[in-house]
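Undergrad: Chains U and X are the protein sequences, given in the same order. Using this note's numbering, the letters of the first sequence correspond one by one to residues 1243 to 1772. Using this note's numbering, the letters of the second sequence correspond one by one to residues 1243 to 1772. Quick one: structure below, then a few questions.
There are 2 protein chains.
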Amino acid sequence: MKLTGSNYIGSKASHTGTVQFTSSNPTTGENGSLLFTEATQQEISEAVEKASIAYPIFKNISAEKRATFLDEIANQILELGDELFEVCTPETALSRGRLKGERGRTMNQLKLFAQVVREGSWVDARIDLAEPNRAPFAKSDIRQMQIPLGPVGIFGASNFPLAFSVAGGDTASALAAGCPVVVKAHPLHPATSEMIGRAILLAAQKTGMPDGVFSLLQGQSVDVGIGIVRHEKITAIGFTGSFKGGKAIFDEANRRPVPIPVFAEMGSANPVFILPSILKKQNERIAKGLCKSLNMGVGQFCTNPGLIITEKSTDAEAFMSHFKTALEEVQPGVMLSSNIKTNYERGFESLKTNDKIDLAFSSKKTEGVNGVQAHVLSSDVNTFLQDQNLQEEVFGPSTVSIRAENKNDVIEFAKKLEGHLTATIHGEKEELLEYKELVEVLQSKVGRLIFNGYPTGVEVCDAMVHGGPFPSTTAAQTTSVGTGAIKRFARPFCFQDCPSELLPPALKNDNPDSIWRMVDSQWTKDSIKE
Amino acid sequence: MKLTGSNYIGSKASHTGTVQFTSSNPTTGENGSLLFTEATQQEISEAVEKASIAYPIFKNISAEKRATFLDEIANQILELGDELFEVCTPETALSRGRLKGERGRTMNQLKLFAQVVREGSWVDARIDLAEPNRAPFAKSDIRQMQIPLGPVGIFGASNFPLAFSVAGGDTASALAAGCPVVVKAHPLHPATSEMIGRAILLAAQKTGMPDGVFSLLQGQSVDVGIGIVRHEKITAIGFTGSFKGGKAIFDEANRRPVPIPVFAEMGSANPVFILPSILKKQNERIAKGLCKSLNMGVGQFCTNPGLIITEKSTDAEAFMSHFKTALEEVQPGVMLSSNIKTNYERGFESLKTNDKIDLAFSSKKTEGVNGVQAHVLSSDVNTFLQDQNLQEEVFGPSTVSIRAENKNDVIEFAKKLEGHLTATIHGEKEELLEYKELVEVLQSKVGRLIFNGYPTGVEVCDAMVHGGPFPSTTAAQTTSVGTGAIKRFARPFCFQDCPSELLPPALKNDNPDSIWRMVDSQWTKDSIKE
């Protein structure tokens, strides 16, 4: 594929702006050769207007056709072949192996949402039949289903150039819901974004989708993102990234004359609790597991374990010693950009210079402009109880091992946690029951509670919750991974006494797609007899 | 019941503040004899702290017990007997007949949510079973369900002193979800609020609920409401009322260090479209129906029809003439307060003094301090296209009849609508199909689309959507009436590889409550074989 550096306003390549930028190789620091042209406010407006014209058409396209579109996006991404990796690795320093895995995940997400759309029950159809003879008032026929919100703005993430970016989970779920999508590509991988964006456009064309169902906008300054958030025809925002970025978008969206929902996943420190008995018996295994989890993707995962809580004991010391042995062998790798590296090192330094926090041990240092070292710091519960800010995420491969005096200390620490995406507890069955209060407290703090595992590795499935209370997200009532993510981009709508001819298939008596529906309070796949 | 004028911090009566107020009789203007003491910031804090202690207990109470609590609230409200009406009518000027109907609705809502809780499937349980042998990575056991958010603040509404107030739909759905509730009583009916609040507390005591599951705070100044919204342990807000009030709460909630969702239903002008053929054949019937809908509850319904759109014709003239005949017979009644009356008359005057809007005809005037006249104004589509502000709700019994030149004019008008709770179309089947574009456009503007009916009269059922795009609500993705309202007060939570002993009943293999669950992508009530 010959890359152009253009924006794509639906199927139209466009580069009318004057601001240009390039990507930068995180390992060598060299700039990419292709210039990308930042979208102008005029181009943003064109893209959103096109999306808004596409909306009623795309909304009413059959479930089967919409599913075919999603499947075809997956095909077109595969069709990009190895060229995708050849373009992506120099932009991200991510290995071919990692990118191959991520491509698979991205394709699987698209196909999973295609299945959800085909199966059709996600629209939560509810039908209350008329009772014309009810006293004192006749009861109307009332039928509800989820309908797509309208054009959605989606921000690509830096750390997953495929799975949380142009054709990532947000785009897949928004398209699945029936919303046209305007993507703001992440400026750290503009070439990868163009390749994926054009694959989506090709799929749209091949499957007969309306022009404007997808647009790709490039940009390095915040103006492009703000322009999208402010456009009156944008109805929701999907975002994965930093707290600073997500919160700024959330505030901007709430300042609009018509506020819109912002589904921002902003990461967290993902506390890991290791209870005494299991620590005694399995300190080496858990130390190795945590070391691996900490270093996945150079620590650039939203679910990276940034806090580890153990109760003071010789077992805890043994755990740290095994952790040290494991970490000293690690070569963490190169971070995504100099900015991210700088922020990581700044965050680490700020913890390290705290009187109450010590550097325990570190990994090897990685060569390359943005190569980094992984670190384990150590501190105690009291320090963290006194300063809520210490639990803020340091994005990268560092973690703080926190000593608790006893069980009570552990629970007090848990009570003071702010919102995180995940929490993890390692424990033997009996002691987990003893620590039931910890399990209870953590439920009010996170979206996912993991037992005897590691927070990294977010399964894409029906039951996954990748979300959590603020500040881990701006929308704790939703998930950004898993099939539940589709609900973010829809709202309930009801027809009262609507003639059958005007009802969408999901609400017609004959239930043509055989979906699950709630009819007079009973879940059924049956059709309704006239 | 001997009323005290106190706040109720859980079961404890409390009136430590110095600010007092009384209710006022809307018909006579006389003040009530009982003084109510406004809750202090200290009392607000106590109520929320108590709610927060009650939360983990209430959350884990069995579905059956929680349902019994809701049923018992309904019983206790009935037990208040006619005294409830004797207290409420002087505060609201609402007739005994109307209040009796509203009490029935309130009790039915509580019982309906009790059924929803007992049935149990609302928690949307999703289970993905482990696949330990999956390559390249083992798949974990992941189980998701909706869990209650935490303590919720609810604002009583002025216009429905029972059904949208202390034990109204917001309280019923929040308690059903498992959230303790702190109610800010509406200052226009403090005595009614105390009676209902104490009925709830009695029900809580009788059914063994934790103290703090419900608190009632009185107040006339905005400080009480703001104090609730700002409290760090409040996790969501329910509100029904004016745009001004709802938007202020929404902004306040978003300014918190930890923003929380605000489910504010702020009313709307509910446009009614009457298409040509039906207008020709049924202008008298529709005019009478609209006249009745317009005057329900002295026009103080969120779904009051404030805009009527017809195409210019002699039939439209006949319609107006029938409307005039009907309205001139109407004695609208007394509004809820002098403030509401003043705002109504100000809104009407502001429309009337517009050059492009004429007063067409009015009803009789009602005696009493807050007695009002109903009005029908007339204008044209162009005027409304030029000034978006004209479609703002005038809360009370006035409506604007808007002339369109033709079908195209009607659709252009619809396209320019802001968000409303409802829209209504009157049309014969054939012409409805001809106006398919109108049906489509209105779907993006409202939460409920009514055919050949009237917007007032909101059925409490599974399929109802009482909600809509901003500015009709701050949360278009939810409904405030109907069983779907429970979802507002819950969020998805997932357990990964959790020992069975620690799982809530909804997620245990044996499915003890026989609820519908999604197990490995299939909806089923079956248990999972070990």
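We put the CB at the ideal spot given by N, CA and C, even for glycine.
When the Cα of alanine 1506 of chain U is compared with those of U:Lys1254, U:Glu1772, U:Asp1768, U:Gly1710, which residue comes out closest?
TA: The count along the first sequence starts at 1 and reaches residue 1506 of chain U at position 264. For alanine 1506 of chain U, the nearest C-alpha among the options comes from U:Gly1710.
Undergrad: Going along the chain, which residues of its own chain have a beta-carbon closer than 7 Å to the beta-carbon of glutamate 1314 of chain U, five neighbours each way excluded?
TA: In the first sequence, the residue the question calls residue 1314 of chain U occupies position 72. Cβ neighbours of glutamate 1314 of chain U beyond the five flanking positions: Ala1445, Lys1448, Thr1449.
Undergrad: Please state whether DSSP places asparagine 1581 of chain X in a helix, a strand or coil.
TA: Counting from 1 along the second sequence, the entry for residue 1581 of chain X is found at position 339. Looking at asparagine 1581 of chain X - three-state DSSP - the assignment turns out to be helix.
Undergrad: Does any residue of chain U bring its CB to less than 8 Å from the CB of tryptophan 1364 of chain X?
TA: Here residue 1364 of chain X refers to the residue found at position 122 when the second sequence is read from its first residue. For tryptophan 1364 of chain X, the answer is no, since every Cβ of chain U falls outside 8 Å of its Cβ.
Undergrad: Whole-angstrom Cβ separation of leucine 1619 of chain U and aspartate 1600 of chain U, contact assumed at under 8 Å?
TA: The residue given as residue 1619 of chain U occupies position 377 in the first sequence. The residue given as residue 1600 of chain U occupies position 358 in the first sequence. Confirmed, about 6 Å.
Undergrad: Counting along the chain, where does the alpha helix (DSSP H) carrying serine 1628 of chain U start and finish?
TA: Position 386 of the first sequence holds residue 1628 of chain U. Correcting the residue identity first, residue 1628 of chain U is glutamine in this sequence and not serine. Segment 1623-1628, the alpha helix (DSSP H) holding glutamine 1628 of chain U.
Undergrad: Assign glutamate 1571 of chain U to buried or exposed, taking buried as 16 or more other Cβ atoms, counted over all protein chains shown, within 10 Å of its Cβ.
TA: Stepping through the first sequence from its first residue, residue 1571 of chain U is reached at position 329. It counts as exposed.
Undergrad: Whole angstroms is fine: what's the gap from lysine 1534 of chain X's alpha carbon to serine 1248 of chain X's?
TA: Taking the second sequence and counting its residues from 1, one reaches residue 1534 of chain X at position 292. Taking the second sequence and counting its residues from 1, one reaches residue 1248 of chain X at position 6. In a straight line, the C-alpha of lysine 1534 of chain X is about 39 Å away from that of serine 1248 of chain X.
Undergrad: Can you tell me which of the three DSSP states asparagine 1498 of chain X falls into?
TA: Against the second sequence, residue 1498 of chain X aligns to sequence position 256. Contrary to the premise, residue 1498 of chain X reads as arginine rather than asparagine in this sequence. Three-state result, arginine 1498 of chain X: coil.
Undergrad: Taking only the alpha-carbon atoms, compute the straight-line gap between threonine 1664 of chain X and proline 1697 of chain X and give it to the nearest angstrom.
TA: Along the second sequence, one-based indexing puts residue 1664 of chain X at 422. Along the second sequence, one-based indexing puts residue 1697 of chain X at 455. One C-alpha to the other measures close to 7 Å.
Undergrad: What does DSSP give as the partner residue(s) for threonine 1279 of chain X in the beta ladder?
TA: If you number the second sequence from 1, residue 1279 of chain X lands on position 37. Looking at the DSSP assignment, threonine 1279 of chain X forms a beta bridge with X:Gln1262.
Undergrad: Assuming contact is defined by CB atoms lying nearer than 8 Å, are asparagine 1401 of chain U and glutamine 1615 of chain U in contact in what I supplied?
TA: Here residue 1401 of chain U refers to the residue found at position 159 when the first sequence is read from its first residue. Here residue 1615 of chain U refers to the residue found at position 373 when the first sequence is read from its first residue. No, Cβ-Cβ distance for asparagine 1401 of chain U and glutamine 1615 of chain U is not below 8 Å.
Undergrad: Along the beta strand (DSSP E) that carries aspartate 1600 of chain U, what are the first and last residues, could you check?
TA: Looking up residue 1600 of chain U in the first sequence gives position 358. Residues 1600-1607.
Undergrad: Bridge partners of leucine 1549 of chain U, per DSSP?
TA: Residue mapping note: residue 1549 of chain U aligns to position 307 of the first sequence, counting from 1. Bridge partners of leucine 1549 of chain U: U:Pro1513, U:Val1642.
Undergrad: Taking only beta-carbon positions, decide if isoleucine 1384 of chain U is within less than 8 Å of chain X.
TA: On the first sequence, residue 1384 of chain U is found 142 positions in, with the first residue counted as 1. It does; some Cβ of chain X falls within 8 Å.
Undergrad: Would DSSP call arginine 1472 of chain U helix, strand or coil?
TA: Start at 1 with the first residue of the first sequence, and residue 1472 of chain U comes out as number 230. Here arginine 1472 of chain U sits in helix by DSSP.
Undergrad: If contact means a Cβ-Cβ distance below 7 Å, which residues of the stretch 1751-1765 of chain X contact chain U?
TA: From the stretch 1751-1765 of chain X, only Trp1758, Met1760, Ser1763, Trp1765 have a Cβ closer than 7 Å to chain U.
Undergrad: So which residues of chain X does leucine 1298 of chain U contact, with C-beta pairs closer than 7 Å?
TA: Sequence index remark: in the first sequence, residue 1298 of chain U carries index 56 (1-based). Per the sequence shown, the amino acid found at residue 1298 of chain U is proline instead of leucine. Residues of chain X passing the Cβ test: Glu1682.
Undergrad: Strictly by DSSP, which residues pair up with phenylalanine 1737 of chain X?
TA: For the purposes of this step, residue 1737 of chain X is taken as residue 495 along the second sequence, with counting starting at 1. Bridge partners of phenylalanine 1737 of chain X: U:Leu1691, X:Arg1385.
Undergrad: Cutting at 7 Å between CB atoms, please list the residues of its own chain near glycine 1469 of chain X, excluding the five before and the five after it.
TA: Position 227 of the second sequence holds residue 1469 of chain X. Taken in chain order, the residues that qualify are Gln1283, Ile1286.
Undergrad: Taking alanine 1419 of chain X as the reference, which of X:Ser1579, X:Glu1676, X:Ala1727 has the closest Cα?
TA: For the purposes of this step, residue 1419 of chain X is taken as residue 177 along the second sequence, with counting starting at 1. It is X:Ala1727 whose Cα lies nearest to the Cα of alanine 1419 of chain X.
Undergrad: Could you tell me the alpha carbon to alpha carbon distance between glutamate 1494 of chain U and glutamate 1676 of chain X, rounded to whole angstroms?
TA: Looking up residue 1494 of chain U in the first sequence gives position 252. Looking up residue 1676 of chain X in the second sequence gives position 434. Taking the straight line joining both Cα atoms gives about 41 Å.
Undergrad: Using DSSP with H/G/I as helix, E/B as strand and the rest coil, what is glutamine 1573 of chain X?
TA: The residue labelled residue 1573 of chain X in the question sits at position 331 within the second sequence. In this structure, glutamine 1573 of chain X counts as coil in the three-state DSSP scheme.
Undergrad: Using a C-beta cutoff of 8 Å, does glutamate 1701 of chain X count as contacting chain A?
TA: Here chain A cannot be found, since the structure's protein chains are U and X.
Undergrad: In the structure shown, what three-state DSSP assignment does leucine 1322 of chain X receive?
TA: One-based indexing of the second sequence puts residue 1322 of chain X at position 80. Coil.
Undergrad: Kindly identify the DSSP beta-bridge partner or partners of isoleucine 1479 of chain U.
TA: Working through the first sequence from its first residue, we reach residue 1479 of chain U at position 237. Note: isoleucine 1479 of chain U sits in a beta bridge opposite U:Gly1395, U:Val1504.
Undergrad: Given threonine 1246 of chain X, which residues of its chain have a CB within under 8 Å of its CB, disregarding the five upstream and five downstream residues?
TA: What you label residue 1246 of chain X is simply residue 4 of the second sequence in a count that begins at 1. Once the five neighbours on either side are set aside, the close Cβ partners of threonine 1246 of chain X are Ala1255, His1257, Glu1436.
Undergrad: If you drop the 5 nearest sequence neighbours on each side, which residues of the same chain put their C-beta closer than 8 Å to that of histidine 1564 of chain U?
TA: In the first sequence, residue 1564 of chain U corresponds to position 322, counting from 1. Contacts found: Asn1525, Glu1526, Ala1529, Lys1530.
Undergrad: Could you check where the alpha helix (DSSP H) with serine 1555 of chain U kicks off and where it finishes?
TA: Against the first sequence, residue 1555 of chain U aligns to sequence position 313. Segment: none, serine 1555 of chain U is in no alpha helix (DSSP H) and carries neither H nor E.
Undergrad: Could you pull the start and end residues of the beta strand (DSSP E) that glutamine 1764 of chain X belongs to?
TA: Here residue 1764 of chain X corresponds to residue number 522 of the second sequence, with the count starting at 1. Its beta strand (DSSP E) spans residues 1764-1766.
Undergrad: Going by DSSP, what residue range makes up the beta strand (DSSP E) through arginine 1368 of chain U?
TA: Walking along the first sequence from the start, residue 1368 of chain U turns up at place 126. From DSSP, the beta strand (DSSP E) with arginine 1368 of chain U extends over 1367-1370.
Undergrad: Using only the alpha-carbon positions, how far apart do glycine 1410 of chain U and valine 1723 of chain U sit?
TA: For the purposes of this step, residue 1410 of chain U is identified with residue 168 of the first sequence, where counting begins at 1. For the purposes of this step, residue 1723 of chain U is identified with residue 481 of the first sequence, where counting begins at 1. When rounded, the distance between both Cα atoms is 10 Å.
Undergrad: Less than 6 Å between C-beta atoms, sequence neighbours within five positions excluded: which residues of the same chain meet that for aspartate 1651 of chain U?
TA: Sequence index remark: in the first sequence, residue 1651 of chain U carries index 409 (1-based). Cβ within range, chain order: Val1623.
Undergrad: With DSSP as the reference, label threonine 1720 of chain U as helix, strand or coil.
TA: Locating residue 1720 of chain U in the first sequence gives position 478, counting from the first residue. DSSP places threonine 1720 of chain U in coil when its eight states are reduced to three.
Undergrad: Short check: CB of alanine 1427 of chain U to CB of leucine 1458 of chain U, under 8 Å?
TA: Sequence index remark: in the first sequence, residue 1427 of chain U carries index 185 (1-based). Sequence index remark: in the first sequence, residue 1458 of chain U carries index 216 (1-based). Contact: yes.
Undergrad: Between the Cα of serine 1195 of chain X and those of X:Val1329, X:Pro1374, X:Ala1602, spot the shortest distance and give me the residue it belongs to.
TA: The requested residue 1195 of chain X is not part of the displayed model; chain X covers only 1243 to 1772.
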